[in-house]
Amino acid sequence: MRQTLTSPRGMVTAPHHLATNSAVAVLREGGNAIEAMVAAAATIPVVYPHMNSIGGDGFWIISEPGKDPVGIDACGRAAQMASLDFYTKQGLAAIPGRGPLAANTSTGAVSGWIEALNHSQRWGGKLPLSRLLQDAIFYADKGAPVTQSQVNFTSKFIGELGHQPGFASQFLNDGRIPQVDTLRKYPALAQTLRTLSAKGLDDFYRGGIAAAMATEHARLGSPVRLADLSAQRAMLVAPLSVRVGGARLYNMTPPTQGLASLLILAIFDRLRERHQITQAESFEHLHGLVEATKQAFLVRNRHITDPDVMAARGSDTAYFLSDAFIDQCAAAVDMRTALPWPEKPIPGDTVWMGTADSAGRMVSYIQSVYWEFGAGVVLQDTGVLWQNRGSSFSLDPKSHNVISPGKKPFHTLNPAHARFDDGRHMVYGNMGGDGQPQSQAAVFSRYAMYGQPLQHAISAPRWLLGKTWGQDTTTLKFENRFDTATMQRMREAGHDVEIYPDFSDTMGHAGAIVRQADGLYLGAADPRSDGVIAGF
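In the working numbering, the protein residues as written are 30 to 565.
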């Protein structure tokens, strides 16, 4: 079992060790937590391309001592051509999950890097962009090692991905899946990164790279055009927050499911107090969190979408985080019997990363293409793999999530941050659709409410209610390391329990960094991933 690592100056965690190393190297050279994160965010699309891309979206929570956390919403909006008529006139009842018609939103990740680096300058950040992109360019040009995870997901979805534009040339060898621990080069992506390094990140939206991407989108039949890219800007936002015993929790605003993540922990905190749930991994702990998840998902599935649409429909996030509403949700939980399920599951594949520097500044960041390999469309002139986040839009005109030009899609992404009453600060997160808020709740409750060591809280067995990572079942899945008597009690309570392997990718890849009041950093990475924690 891994041990929690400690460091006095700074720390990084990412689901691939090369991304971790890129960020740590920046910290060693005097870079701050934002600059380190940009380096990691540039490297990880090259070394972990099935989980994220510069053709995806991103969300940030940035923290510094003595100031309120800041959020960055780097969500791409639906293209102006991506209307309900655009799809229904083609005889479609739903937006395809793969292919050019799934690539129907702008990409926000790089716009988030721009906004974050603007914030970094206010901290005195001075490292040039060429330094921050250095490792990403090297791995794209000279070769990135193919991971077992990449092989597994390429193999699993080759039938729906292999024929998508540009996919085979980018990710296959003459139609064959590359072998583990071989080098894979991405020359077009390397050139794109070199251009950004020389001309600046704005070129991605309003320069030559943008023009090349827009031309190829038009040729492939995607609705994305140059005007959609030119209009893309990340937004600074105030994160949502809620109090639980001993801490204030922060998460991202809609269109993310940050509200659901906060609700799960707030509802469970009420249950923990009312029912005196004192033992982690007990029936009461697991049942309570699963039932809190259901209450939170009922809200999420009915309300969360573009915040402008929510406001027009009267969906008030402040009300959903009020004491009265949280009490109402907790009262709806039966601590003996499971609420019938499922609701509609939401898939997603993502990376979460955390950085912390010597000044106590911390970043919680998520970057994603929605499903594994996103739309499966690789723009060959630039090497950019495009997300399929807009496939989550509905073609039902009565739906709160119906597609319309300029609308933000619902996002499973939600980076988390916590500030404890005793002076500790924590960034934490997880990837994997519906699993993100559930694993956040598992990790936080174990560490903060039950006093488990940070690494144990991540390595310990986890669960997942619903569907993610391409799974077809909506059961309540548990890794095969829980007490058998507790599992039997879960079944007797009415949960549809399914047992998974001891350390299952289905549970996603979690990570966390804690800064103690004395300045010492604690860090943990997930043994289910290819990631590591590193300090200096």
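For each residue, glycine too, the CB sits at the ideal point set by N, CA and C.
query: Opposing strand residues paired with P125 [DSSP bridges]; result: DSSP output for P125 lists no bridge partner at all.
query: Beta-carbon proximity list for T211, same chain, < 6 Å, skipping 5 on both sides; result: V175
query: Residue from L483, F507, T244, P482 whose Cα sits closest to the Cα of W492; result: F507
query: Whether G452 touches A107 by CB criterion (8 Å); result: no
query: Euclidean distance between Cα positions of I542 and T224; result: 33 Å
query: Length of the line joining the Cα atoms of L47 and V139; result: 20 Å
query: Spatial neighbours of R510 in its chain, beta-carbon cut-off 6 Å, leaving aside the 5 residues before and after; result: P490, D531
query: Q199 and V472 closer than 8 Å at C-beta; result: no
query: Outcome for A123 when other beta-carbon atoms lying within 10 angstroms are tallied against a minimum of 16; result: exposed
query: Of the residues I238, P283, A247, the one placed nearest A132, counting alpha carbons only; result: A247
query: Any 3 or more C-beta pairs closer than 8 Å across the region 394-401 and the region 321-341; result: no
query: First through last residue of the beta strand (DSSP E) which encompasses I542; result: 539-544
query: Check whether I300 and L288 have beta carbons under 8 Å apart; result: Rather than Ile, the amino acid found at residue 300 in this sequence is Leu. No.
query: Contact with chain D by L47, beta-carbon distance below 8 Å; result: In the structure shown, chain D does not exist; there is a single protein chain.
query: Start and end residues, alpha helix (DSSP H) containing T49; result: 46-57
query: Counted within 10 angstroms of its Cβ, other Cβ atoms place E64 as buried (16 or more) or exposed; result: buried
query: Minimum length 3: unbroken beta strand (DSSP E) runs contained in the region 350-425; result: 378-385, 391-399
query: 7 Å Cβ shell around A361 - same chain, five flanking residues per side excluded; result: Q324
query: Proximity of V273 and A241 at Cβ, strictly below 8 Å; result: no
query: Buried/exposed call for N280, threshold 16 Cβ in 10 Å; result: buried
query: Euclidean distance between Cα positions of T33 and A276; result: 21 Å
query: Own chain, CB closer than 8 Å to G548, minus 5 neighbours either side, in chain order; result: P37, G389
query: Terminal residues of the alpha helix (DSSP H) in which R160 lies; result: 158-161
query: Beta strand (DSSP E) segments (min. 3 residues) lying fully within the region 272-346; result: 276-280
query: Q179 versus L201: straight-line alpha-carbon distance, rounded; result: 11 Å
query: Nearest candidate by alpha-carbon position, reference W415, set V456, F196, W381; result: F196
query: For W152, three-class secondary structure by DSSP; result: coil
query: Straight-line Cα distance separating A486 from A227; result: 43 Å
query: DSSP three-state assignment for Y550, whether helix, strand or coil; result: strand
query: Cβ neighbour criterion (16 or more within 10 Å) applied to W498; result: Because the pLDDT of W498 is 47, which lies under 50, any placement of that residue in the model is unreliable, and the question is left without a value.
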